[in-house]
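S.K.:
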Amino acid sequence: MVEGDEKPYYVYDRGRKEYRRLSYGDIAVLMRSARGKAPYLVDILRRMGIPVYVELDTGYFEATEVNVVLSLLEIIENPRQDIPLAAVLRSPIVGLKAEDMAEIRLYKPKGDYIDALREGAQRGDNELSRRIREFLSLLEEWRTAARRGCLHDLILDIYRKTGYYEYVGGLPLGSQRQANLSFLLEQARGFENRMGQGLTGFLQYLRRIRSGEVDLGRAQELVAEEGAVQVMSIHKSKGLEFPVVFVADLGGPLHQKSKGERDIMVHRRLGLGFMVVDPERGYKYPSLPYSCIEFINKREELAEELRILYVAATRAREKLILVGSAGDLEAKSRNWCDHIFCEEWELPNYFLTGAASMLDWVCAALARHGSGEPIRRHAGIEDPPSFAPAYNDCSRWKITLWETDGGERLPEPEETADAKTPGSFEGLVQKVGEMDRNEDLAKEIKRIMDWKYPYEKLSEKAAKAALRDIKYRFNVWEEEDVEEIALLPLIKKPAFLDEEREASAVERGTAYHSVLQHLDLMGKLDEKDIALQIEEMVEQEILSPQEASLVKLEKIAAFFRTPLGKRLLARFPSGVSREVPFTLGLPACEVYPDLSPEESLGEKVLVQGIIDCLIEEEDGFVLIDFKSDDVGTVEKLKKRAEEYRPQIAFYAEALKKIWNKPVKEAYLYFLSAEEAVEIKV
């Protein structure tokens, strides 16, 4: 997205009022809690060469450069601390590799690591031993200075002799890192002036701050110019917006303070609830007030988690990427799909309260969406919930499920997938040959690697298609119309870009269809009544004000004055259905003309469509399809009607197969011309 020219991503720059290439500074990674997890994420991003700025819950002390210097101060105070000693040895201050650390331990397998280090310095005569001796010499010098000199001068001498301050300045966000180290230096000076204590007192002071979760705060500088990915908690992102947002770790457990073993439950309004202890039988159980408060607390905590998820999902201006992990993906997928056939828009309350993570909420919602096919397929569900309200929601999602054994490791930046490495096919064959010179095995491997799936062409085709996606079958649109549809934005533009743009024919048609779908047909249905109903639709957010402005009231009122409109009203409500979704299986070779009958292997493709209006009478259906095309002349109207004929015939075929009832009449009603054209089926 940021680097390379294969798939560049562009974002809108409000200041320059134009689109520009995405930069790292446009990206934010949000986490429910950055404590403990963000350092791993930051480390991975930096290993991949991605500049990153982290805004952690625990703040200043989590910065890598601060941790390294504090570890060095710890071993200056007491070198018999293996963890801070190892941190310093592996840091750029000494720069030992894992292999070097193992070699040093061999000098003295048991005991403190500092003893093995000193043994290696005395007995070794290689480059590693020389570096160890240099470090131990500096360590003794600093230990002497800590006992005799001032704390501020000690830290300043560490910066000067190790070059660590200059080193971090050359890293991404170098000014921020140097500011952190300068801040530590100033804290040491202030502590010494106030308390008059040395290194031991300063370290104890810092430990108390860290254990009490009292933060010194990070040394803040303007880092936007350095263009870094920002990592922060969702809470700290409130009020902020970013062009691209990753919401990470959605698979983590929900934060529930009331969860766990407690003898007392507290609620600000309901008061206290106690566990009942039965000393005679030797057990305890929750009282009724306890259970009530526990239930209410859980609901309130989950409601807060939902609000936090909402905050995270609304921080992105242009692209939102939700990331989470889950164990036993197959079982999880089945759980997410438990409610896909629910006709209600909202997920059931018992599912929301029983969810283990935000990922459960997100995936259960997406499983009901038209884009949720990967989740449903993983759960073994073939029939899509096309009748469910959420299925036809206009939002666009791309869902990727990635299974891993958990043993994969991120490659080091210097590693490459060279053709000579064992990870490539040539490297694999070469390695096999070196092991046992088994040419038959090498040929078998090559045969397996060269094998191609014989039905690849069929596998590239979607098993489900919308009726609009197979328009070749109907020849409904002319070339200029197809071009207009192709240029229609796939996602709704933000309001600040969309204010002055002229509405397209497709958007105008969508507005008309929404009004016709939601009109109360028991009303007067004159222009005044329709105007009032449209105002209510805007208030209920069925229509946007912009969509409402596209609808001409007189065109809709005119329809209900026609014989066809009166016929519809006469059968309302029991005999009228609007926006009727359907699904029909068609041979794959009919849907995809580039597939021959032999290549299609008799497979069928599910085709979906929506019929605008059906009037059900005793001897069959009357089908009405509304069109907002600007037909203009009588000749153009007839031409359009003829072009739509195959589409209407397909609707009639679907109705007959699914409901086992014929379509006795079918009409195209052109709103602009106020004309109904009967289509023979």
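Mapping of the sequence shown onto this note's numbering: residues 3 to 683, in sequence order. Built from N, CA and C at the ideal position, the CB exists for glycine as well. Since the model is a prediction, treat every value here as computed from it, not as a measurement.
For the alpha helix (DSSP H) that Cys152 lies in, which residues bound it at each end?
M.R.: It is not in any alpha helix (DSSP H) - Cys152 carries neither H nor E in the DSSP assignment.
S.K.: Which parts of the region 346-405 are runs of the beta strand (DSSP E), unbroken and 3 residues or longer, counting only runs that do not cross its ends?
M.R.: Whole beta strand (DSSP E) segments, 3+ residues: zero.
S.K.: On the DSSP letters alone, give me the boundaries of the beta strand (DSSP E) that Cys615 sits inside.
M.R.: Looking at the DSSP string, the run of the beta strand (DSSP E) that includes Cys615 is 606-619.
S.K.: Which of the three DSSP states, helix, strand or coil, is assigned to Lys334?
M.R.: Helix.
S.K.: Can you check whether the CB of Leu570 is closer than 8 Å to the CB of Val578?
M.R.: It is a contact, given that the beta carbons lie within the stated cut-off.
S.K.: With distances taken between CB atoms, is the gap from Leu141 to Asp102 smaller than 8 Å?
M.R.: Their beta carbons are not under 8 Å apart, which means Leu141 does not touch Asp102 by this criterion.
S.K.: What residues are listed by DSSP as bridge partners for Thr585?
M.R.: For Thr585, which the question treats as bridged, DSSP gives the partners Gln610.
S.K.: If you draw a straight line from the alpha carbon of Glu458 to that of Asp452, how long is it in whole angstroms?
M.R.: Cα to Cα, Glu458 sits roughly 14 Å from Asp452.
S.K.: Touch check for the region 311-318 and the region 330-343: three-plus C-beta pairs under 8 Å?
M.R.: These segments do not touch.
S.K.: Measuring alpha carbon to alpha carbon, tell me which of Tyr109, Arg22, Glu541, Glu105 ends up nearest Glu121.
M.R.: Minimum Cα distance to Glu121 is reached at Tyr109.
S.K.: What residues in its chain sit with their C-beta under 6 Å from that of Ala65, if we drop five residues either side in the sequence?
M.R.: These residues qualify, in order along the chain: Asn182.
S.K.: Any contact between the region 633-645 and the region 653-666? By contact I mean 3 or more CB pairs, one from each, below 8 Å.
M.R.: Contact between the region 633-645 and the region 653-666 is absent, because fewer than three Cβ pairs lie under 8 Å.
S.K.: Cutting at 7 Å between CB atoms, please list the residues of its own chain near Glu529, excluding the five before and the five after it.
M.R.: Taken in chain order, the residues that qualify are Leu555, Glu556, Ala559.
S.K.: Would you report the Cα separation of Trp686 and Leu322, rounded to the nearest angstrom?
M.R.: Residue 686 lies beyond the stretch modelled for the chain, which goes from 3 to 683, so this question has no answer here.
S.K.: Provide the residue(s) that pair with Gly273 in DSSP beta bridges, ordered along the chain.
M.R.: Answer is His269.
S.K.: Compute the beta-carbon to beta-carbon distance between Ala250 and Val31, rounded to the nearest angstrom, for a pair I have assumed lies under 8 Å.
M.R.: Right, the Cβ-Cβ distance comes to about 6 Å (below 8 Å), so this counts as a contact.
S.K.: In whole angstroms, what separates the C-alpha of Glu601 from that of Leu175?
M.R.: Answer to the nearest angstrom: the Cα atoms are 56 Å apart.
S.K.: Less than 6 Å between C-beta atoms, sequence neighbours within five positions excluded: which residues of the same chain meet that for Ile613?
M.R.: Excluding positions up to five away in sequence, the list reads Val582, Tyr653.
S.K.: Report yes if the C-beta distance between Thr202 and Glu79 is below 8 Å; otherwise report no.
M.R.: Yes, they are a contact pair.
S.K.: In chain order, what residues of the same chain have a beta carbon less than 8 Å from the beta carbon of Glu194, not counting five sequence neighbours either side?
M.R.: Taken in chain order, the residues that qualify are Cys152, Leu153, His154, Gly200, Phe204.
S.K.: Hey, quick one: how far does the beta strand (DSSP E) through Gly525 stretch, first residue to last?
M.R.: From DSSP, Gly525 is part of no beta strand (DSSP E); its letter is neither H nor E.
S.K.: Which value, in whole angstroms, describes the spacing of the CA atoms of Gly192 and Arg210?
M.R.: Rounded to whole angstroms, Gly192 to Arg210 spans 16 Å at the Cα level.
S.K.: Report buried or exposed for Met267, applying the criterion of at least 16 other Cβ atoms within 10 angstroms of its Cβ.
M.R.: When all chains shown are included, Met267 counts as buried.
S.K.: For Lys81, I'd like the list of residues in its chain whose CB is within less than 6 Å of its CB, leaving aside the five on either flank, ordered along the chain.
M.R.: This sequence places Pro at residue 81; Lys is not what is there. So the qualifying residues of the chain are Ile116.
S.K.: On the three-state DSSP scale, how would you describe Gln83?
M.R.: Looking at Gln83 - three-state DSSP - the assignment turns out to be coil, as it is neither helix nor strand.
S.K.: Just the C-alpha distance for Ala392 and Tyr14, rounded to the nearest angstrom, thanks.
M.R.: Distance between the alpha carbons of Ala392 and Tyr14 is about 29 Å.
S.K.: Measure the C-alpha to C-alpha separation of Lys240 and Arg23 and round it to an integer number of angstroms.
M.R.: Each residue's alpha carbon lies about 26 Å from the other.
S.K.: With DSSP as the reference, label Lys238 as helix, strand or coil.
M.R.: Note: Lys238 maps to helix in three-state DSSP.
S.K.: Which whole-angstrom value describes the C-beta separation of Leu625 and Tyr671, a residue pair presumed to lie in contact below a C-beta threshold of 8 Å?
M.R.: In fact, because the Cβ distance is near 11 Å, the residues do not count as touching under 8 Å.
S.K.: Check whether the Cβ atoms of Tyr514 and Leu308 lie closer than 8 Å to each other.
M.R.: For Tyr514 and Leu308, no; Cβs fall outside 8 Å.
S.K.: Taking the alpha helix (DSSP H) that Lys110 falls in, what are its first and last residues?
M.R.: Taken as a continuous stretch (DSSP letters only), Lys110 belongs to no alpha helix (DSSP H), as it is neither H nor E.
S.K.: Looking at the unbroken alpha helix (DSSP H) that takes in Gly171, where does it start and where does it end?
M.R.: Taken as a continuous stretch (DSSP letters only), the alpha helix (DSSP H) holding Gly171 covers 166-171.
S.K.: With a threshold of 16 other CB atoms inside 10 Å of the CB of Cys615, please say whether the residue is buried or exposed.
M.R.: It counts as buried.
S.K.: From the DSSP output, which residues share a beta bridge with Pro288?
M.R.: Paired residues: Met277.
S.K.: So is Phe137 buried or exposed if we call it buried at 16+ other beta carbons inside 10 Å?
M.R.: Answer is buried; the Cβ neighbour count reaches 16.
S.K.: Taking 8 Å as the threshold (C-beta atoms), are His380 and Leu331 in contact?
M.R.: Against a cut-off of 8 Å, the Cβ pair of His380 and Leu331 comes out as a contact.
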